[in-house]
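Remarks on the structure that follows.
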Amino acid sequence: MADPSGAAPQPGPNDISTAILRPKKSPNRLIVDEATFNNNSVAAMNSATMELLQSFHCSTIIVHGKKRRDTVLICLSSDNVDEGKIQMNKVARNNLRVKLGDLVNVHTCDDIKYGKRLHILPFDNLIEGLSGNIFDVYLKPYFHEAYCPVRKGDTFLVQRGMRTVEFKVIETDPAEFCIAAQDTVIHTEGDPVKREDEESNLNDVGYDDIGGCHKQMAQIRELVKLPLQHPQLFKAIGIKPPCGILMFGPPGTGKTLIARAVANETGAFFLLINGPEIMNKLAGESEGNLRKAFEEAEKNSPAIIFIDEIDSIAPKGEKPNTVEHCVVSQLLTLMDGFKTCLNIVVMAATNRPDLIDPALRRFGWFDREIDIGIPDLTGRLEILHIHTKNMKLADNVDLEQIAANTDSYVGSDVASLCSEAAMQRIREKMDLIDLYGDTIDAEVLDDLGVTMENFHFALGTSKPSALQETVVEVPTTTWGDIGDLKKVKQVILNSLLLPL
Numbered sequence: 018m019a020d021p022s023g024a025a026p027q028p029g030p031n032d033i034s035t036a037i038l039r040p041k042k043s044p045n046r047l048i049v050d051e052a053t054f055n056n057n058s059v060a061a062m063n064s065a066t067m068e069l070l071q072s073f074h075c076s077t078i079i080v081h082g083k084k085r086r087d088t089v090l091i092c093l094s095s096d097n098v099d100e101g102k103i104q105m106n107k108v109a110r111n112n113l114r115v116k117l118g119d120l121v122n123v124h125t126c127d128d129i130k131y132g133k134r135l136h137i138l139p140f141d142n143l144i145e146g147l148s149g150n151i152f153d154v155y156l157k158p159y160f161h162e163a164y165c166p167v168r169k170g171d172t173f174l175v176q177r178g179m180r181t182v183e184f185k186v187i188e189t190d191p192a193e194f195c196i197a198a199q200d201t202v203i204h205t206e207g208d209p210v211k212r213e214d215e216e217s218n219l220n221d222v223g224y225d226d227i228g229g230c231h232k233q234m235a236q237i238r239e240l241v242k243l244p245l246q247h248p249q250l251f252k253a254i255g256i257k258p259p260c261g262i263l264m265f266g267p268p269g270t271g272k273t274l275i276a277r278a279v280a281n282e283t284g285a286f287f288l289l290i291n292g293p294e295i296m297n298k299l300a301g302e303s304e305g306n307l308r309k310a311f312e313e314a315e316k317n318s319p320a321i322i323f324i325d326e327i328d329s330i331a332p333k334g335e336k337p338n339t340v341e342h343c344v345v346s347q348l349l350t351l352m353d354g355f356k357t358c359l360n361i362v363v364m365a366a367t368n369r370p371d372l373i374d375p376a377l378r379r380f381g382w383f384d385r386e387i388d389i390g391i392p393d394l395t396g397r398l399e400i401l402h403i404h405t406k407n408m409k410l411a412d413n414v415d416l417e418q419i420a421a422n423t424d425s426y427v428g429s430d431v432a433s434l435c436s437e438a439a440m441q442r443i444r445e446k447m448d449l450i451d452l453y454g455d456t457i458d459a460e461v462l463d464d465l466g467v468t469m470e471n472f473h474f475a476l477g478t479s480k481p482s483a484l485q486e487t488v489v490e491v492p493t494t495t496w497g498d499i500g501d502l503k504k505v506k507q508v509i510l511n512s513l514l515l516p517l
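18 is the number of the first residue of the sequence shown in our numbering; add one for each residue after it.
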C-alpha cells in the first residue's frame, strides 16, 4: 500500500540493496568523541579498546576518516573515554574531514619512519603583523624534544602567548607519514599558504553533501567504489565490473554533484567532460578532444571520467559521417579499450535518456542506468538539513513544514530557497548596515538568524524549476458565450460540474 505522505518506502533490515551504506562491524571502527585535551598529535582511547586493536600507551596509530583522508597520531590510554570511542581535538578532526559522532577506522602502525626533512608553511591570514622568526618563535618550541607524528597535507595549530598560528605540512621526507625528531630538519622557505585555497579543499563535496537519493547512492557506490578500490572482488567471482554508468533525471537533481562526491570519497582522479564544449565543427577535432581526455584519465588512474550532457555529443538518429556519428563511434572504441582496465570508470549524465544513441545504452558500454529523480518528502528534508547546516536559524524555523511545502522541488531549488530566505533576512536589517563603513556592528551580525517568515517569503517567490516554463492561462469564456447546445451544456453540467 502506498504511503499517503508521498515518501518512498524505506529499505527494511533484510534489504541488501543498500548494504554498502551500512556501517561495517569491526573493532577498528570507532566513534569520534570530543577530546578533553588540546594536543594536535594525540588521540585517546579506553584501555579495553586499545587491547582489541593490539595497541598500547604512546604507540602510533593511523586513523582513516572521510574523503580518503588519514593521519597519524599518538595513542594514549584513558579511563575517561568510553569503549568503542576515540577522542581527538578539532584540528585532528578537520584533518580527517570528520565531525563528532562520525566513524573512523583505526590501525596500529609501529613502523613509522623518522623524518629527515619537513617543509612547513604558515597560513597567510594568521601572520599579518607578526614579528620575529616564525621557526624560532613557533615551530622550534613545538617540535623541541617531542615525539611528534606528522602527515603530508595536515594542518596544526601552535599557540605562543596570546597568538595562535596555523601551519600546513607541505612536504615530508622520507614518507608521507613520519615522526619529527630532534635531528629532523624543518624548512620554512616559501610563500605562506593561502587560506582560500585550503577552505576550497575543506569544502570538497562528499557523501554527506548528497541528500534525497539514498538508494541511488548505494547503487553508484557499488558500481564505482568497488571496481576502483577492490577490483579483486570481481576477479574472484569471475565477472567484469560495469564499464559505464548513465545517470538521468531532471536538471538540478545533483547528477554532477554525485559524480564529484564519489571521486572525492574514493580519491580518484576526476575528469569532467562537458558535452557541448567538446564538439568542434572541424573534421576529427571532436574525436581528438575525446581521445585526449581518456588518455589523461589513463595516466592519472584510478580515475572517474564524467561526461555531462552526453545527449549533445551522442544524439539519437544521426546520419553516418556526421560529426556526432563519428564522436559516438570514437566513444564506443575508447570505452571498449577500457573494459580490461578495472581502475577507470566512465559516468555520464543527461536530462533526456531517450535522446541518446541506443548503441551507447547496450550492455558493455553504459549498461547501468540510474534514475536521479525528484526527491520525496524525506529526501527534501535531508536536502534542507544539508543546506541549512551552516546557516544561522531562528528558533521558530520548522524544516519539516518547509519540506512539506516544497513539493516537486529538486536539490538546486531547495538551495535557491535557502539562499533567498537568507537574503530576505539581510534586507530586513539593511537599515542597520552602513554600506560605506568597513565593519558591521556585532549586534547586527548576532541577530541575523533566518526566521520562518523569511522562508515563507522565499516560498512565495519561488517555484520548482521543472514548472518555471509552465504557464497556465485561465479562460474567461462563460456559459453565456455559447449559443444553443442546451442539451450538451446540461449533460456537461450534470456529469462534471455538479459532482465537484
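Quick reminder that beta carbons are idealized off the backbone N, C-alpha and C, glycines included.
Please determine, among the options, the residue with the shortest C-alpha to C-alpha distance to residue i.
| i | options | result |
| --- | --- | --- |
| residue 481 | 508, 305, 269 | 269 |
| residue 424 | 405, 397, 365 | 397 |
| residue 306 | 320, 343, 283, 279 | 343 |
| residue 196 | 51, 76, 345, 468 | 76 |
| residue 364 | 468, 240, 455 | 240 |
| residue 179 | 164, 205, 155, 193 | 155 |
| residue 120 | 135, 48, 88 | 48 |
| residue 69 | 86, 53, 94, 59 | 94 |
| residue 431 | 296, 330, 483 | 483 |
| residue 125 | 88, 147, 149, 406 | 88 |
| residue 403 | 474, 255, 220, 130 | 220 |
| residue 108 | 174, 309, 503 | 174 |
| residue 38 | 232, 255, 286 | 232 |
| residue 284 | 153, 498, 32, 86 | 86 |
| residue 55 | 325, 104, 84, 46 | 104 |
| residue 112 | 144, 165, 172 | 172 |
| residue 129 | 96, 192, 153 | 192 |
| residue 52 | 394, 440, 92, 494 | 92 |
For residue i, count neighbouring C-beta atoms within 10 Å of its own C-beta (all shown protein chains included) and say buried if the count is 16 or more, exposed if not.
| i | result |
| --- | --- |
| residue 132 | buried |
| residue 82 | buried |
| residue 339 | exposed |
| residue 43 | exposed |
| residue 61 | buried |
| residue 438 | buried |
| residue 73 | exposed |
| residue 496 | exposed |
| residue 434 | buried |
| residue 34 | exposed |
| residue 500 | exposed |
| residue 428 | buried |
| residue 211 | exposed |
| residue 148 | exposed |
| residue 329 | buried |
| residue 32 | exposed |
| residue 319 | buried |
Would you identify the three-state DSSP class for residue i, choosing helix, strand or coil?
| i | result |
| --- | --- |
| residue 402 | helix |
| residue 71 | coil |
| residue 309 | helix |
| residue 411 | coil |
| residue 286 | strand |
| residue 135 | strand |
| residue 173 | strand |
| residue 66 | helix |
| residue 296 | coil |
| residue 230 | coil |
| residue 503 | helix |
| residue 320 | strand |
| residue 126 | coil |
| residue 253 | helix |
| residue 22 | Bear in mind that a pLDDT of 45 at residue 22, under 50, signals an unreliable position, so the model cannot answer this. |
| residue 222 | coil |
| residue 364 | strand |
| residue 101 | coil |
| residue 194 | strand |
Roughly how far, in whole angstroms, is the beta-carbon of residue i from the beta-carbon of residue j, given that I think they are within contact range, below 8 Å?
| i | j | result |
| --- | --- | --- |
| residue 189 | residue 167 | 6 Å |
| residue 467 | residue 421 | That belief does not hold up - the Cβ atoms of residue 467 and residue 421 are roughly 18 Å apart, past 8 Å. |
| residue 98 | residue 50 | 7 Å |
| residue 355 | residue 260 | 7 Å |
| residue 222 | residue 281 | 6 Å |
| residue 78 | residue 137 | At roughly 22 Å, the Cβ-Cβ gap does not stay under 8 Å, so residue 78 and residue 137 are not in contact. |
| residue 116 | residue 110 | 6 Å |
| residue 279 | residue 238 | 7 Å |
Flag this pair as touching only if the region 225-239 and the region 273-280 have three or more C-beta atom pairs under 8 Å; answer yes or no.
At 8 Å Cβ cutoff, the stretches touch.
Would the region 415-429 and the region 287-295 be scored as touching if the rule is three or more Cβ pairs under 8 Å?
Because the criterion of three Cβ pairs below 8 Å is not met, the region 415-429 and the region 287-295 do not touch.
Do three or more CB pairs link the region 377-393 to the region 257-265 at distances below 8 Å?
Enough Cβ pairs lie closer than 8 Å, so yes.
Whether or not the region 370-378 and the region 241-260 are in contact is what I'm after, with contact meaning three or more pairs of Cβ atoms, one per stretch, closer than 8 Å; do they touch?
The region 370-378 and the region 241-260 do not touch, with fewer than three beta-carbon pairs separated by less than 8 Å.
Contact between the region 460-476 and the region 502-510 is defined here as three or more beta-carbon pairs at a separation below 8 Å; is this criterion met?
With the cut-off at 8 Å, the region 460-476 and the region 502-510 do not touch.
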